[in-house]
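Enquirer: So that we are looking at the same thing, I have put the structure below in structure tokens.
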């Protein structure tokens, strides 16, 4: 039983890390008034870039840097489409995700001559390795990005709540006309928010590809970007609560994995795979109902 709990805890931390990173990063865009449905695509692009550049260079850090660069370029492209060309942010976000899904599959086939999936020759370092017993067993084999995630969450909270940029982002998202009257450049604030989102999604994609599975497969994000958006809404636009919501979604993902491994009831595989999504929908629905009831009272 204890061994199961140890493995379940580690699986939850692994599964929640990319969701938390993408959610906290996406919080900046949403606070700036941009409902960013391109987060899923940015995570996927970051994952592919990390594997491709890391394998080509032999360095996981070069892979991470290239992933960040790719996601920043895509974020600027998204900003140009919605800010300069005045496209709808939701539709443009879906277009960005579709571009990344198709683009990564095409690039993998053209550049590496592989279809479906490709292995990575590099992986993120793990600060703690080996312990199987005691408290260290809960953090054994976790990547350096998972260790750094709490620090990044605190930094995001400080930027959003205690910095000039955070106040400008909140003003642009909540009171755009007031922000404009006070001399805030809304266009540049939105660009900065999108760049921060792209940066976080690149790290999340890197963690997903070279942190846990050591490889890339088509559409490997599997809805985690949309889970991240749900975590932002579930967390009430707070960096801390958003991270906790991301942890819950990681728990739901780990629960689905555990059901696949230990389920003896003979349920069809499709029902088992549905478990984390159904659990997520139930919790978000309950949360929405509670918030609506509080607002009405």
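Numbering (the numbering used here), first residue to last: 1074 to 1370.
Each residue gets a CB set at the ideal place from its N, CA and C atoms; glycine is no exception.
Note that this is a predicted model, so its numbers are computed, not measured.
1) Judging by CA-CA distance, which residue of 1094, 1178 and 1315 is the nearest neighbour of residue 1270?
2) Run through the stretch 1245-1313 for me and flag every whole alpha helix (DSSP H) of 4 or more residues, listed as ranges in chain order.
3) Would you tell me roughly how many angstroms separate the C-alpha atoms of residue 1156 and residue 1145, rounded to the nearest one?
4) Using a threshold of 8 Å, state whether the C-beta atoms of residue 1283 and residue 1195 are closer than that.
5) With DSSP collapsed to three states, give me the class of residue 1187.
6) Closer than 8 Å is the cut-off here; do at least three beta carbon pairs connect the stretch 1272-1290 with the stretch 1096-1116?
7) Excluding the 5 residues preceding and the 5 following residue 1217 in the sequence, name in chain order all residues of the same chain whose CB lies nearer than 8 Å to its CB.
8) Secondary structure at residue 1118, three-state DSSP: helix, strand or coil?
9) So, with DSSP's three-state summary, where would you put residue 1125?
10) Starting from residue 1219 and walking both ways along the alpha helix (DSSP H), at which residues does that stretch end?
11) Within 8 Å, do at least three Cβ pairs link the stretch 1240-1257 to the stretch 1120-1135?
12) By Cβ distance, which residues of its chain are closer than 8 Å to residue 1355, with the 5 residues on each side in sequence left out?
13) Nearest-angstrom Cα distance between residue 1139 and residue 1183?
14) Taking the alpha carbon of residue 1087 as the point to measure from, which residue in 1311, 1281 and 1351 has its own alpha carbon closest?
15) Look up residue 1192 in the DSSP assignment and say whether it is helix, strand or coil.
16) Taking 8 Å as the cut-off, decide whether the C-beta atoms of residue 1222 and residue 1214 are in contact.
17) Anyone know if the C-beta pair for residue 1288 and residue 1190 falls short of 8 Å?
Expert: With the structure as the only source:
1) Counting from 1 along the chain shown, the entry for residue 1270 is found at position 197. Distances from the CA of residue 1270 to each of 1094, 1178 and 1315 were compared; the closest alpha carbon is that of 1094.
2) For the stretch 1245-1313, the full-length alpha helix (DSSP H) segments reaching 4 residues or more read 1249-1254, 1259-1280 and 1297-1307 along the chain.
3) As a first step, residue 1156 must be located in the chain shown, where it is residue number 83. As a first step, residue 1145 must be located in the chain shown, where it is residue number 72. Between residue 1156 and residue 1145, the C-alpha separation is close to 16 Å.
4) By one-based count along the chain shown, residue 1283 stands at place 210. By one-based count along the chain shown, residue 1195 stands at place 122. Going by beta carbons, residue 1283 and residue 1195 fall inside the 8 Å limit.
5) What you label residue 1187 is simply residue 114 of the chain shown in a count that begins at 1. If DSSP states are grouped into helix, strand and coil, residue 1187 belongs with coil.
6) In short, these stretches touch, since the Cβ pair count reaches three.
7) One-based indexing of the chain shown puts residue 1217 at position 144. Contacts found: 1197, 1198, 1199 and 1200.
8) On the chain shown, position 45 is the one that residue 1118 refers to. Helix, per DSSP.
9) For the purposes of this step, residue 1125 is taken as residue 52 along the chain shown, with counting starting at 1. DSSP, read as helix, strand or coil, puts residue 1125 in helix.
10) Walking along the chain shown from the start, residue 1219 turns up at place 146. Segment 1217-1235, the alpha helix (DSSP H) holding residue 1219.
11) Contact between the stretch 1120-1135 and the stretch 1240-1257 is absent: fewer than three C-beta pairs spanning the two stretches fall below 8 Å.
12) Here residue 1355 refers to the residue found at position 282 when the chain shown is read from its first residue. Taken in chain order, the list of residues that qualify is empty.
13) On the chain shown, residue 1139 is found 66 positions in, with the first residue counted as 1. On the chain shown, residue 1183 is found 110 positions in, with the first residue counted as 1. Straight-line Cα distance between these residues: approximately 19 Å.
14) The residue you call residue 1087 lines up with position 14 of the chain shown. Ranking the options by Cα distance to residue 1087, first place goes to 1281.
15) As a first step, residue 1192 is located in the chain shown; it is residue number 119 there, counting from the start. Strand, per DSSP.
16) Counting from 1 along the chain shown, the entry for residue 1222 is found at position 149. Counting from 1 along the chain shown, the entry for residue 1214 is found at position 141. For residue 1222 and residue 1214, no; Cβs fall outside 8 Å.
17) The sequence position of residue 1288 within the chain shown is 215, counting from 1. The sequence position of residue 1190 within the chain shown is 117, counting from 1. With a cutoff of 8 Å on beta-carbon distance, residue 1288 and residue 1190 are scored as near each other.
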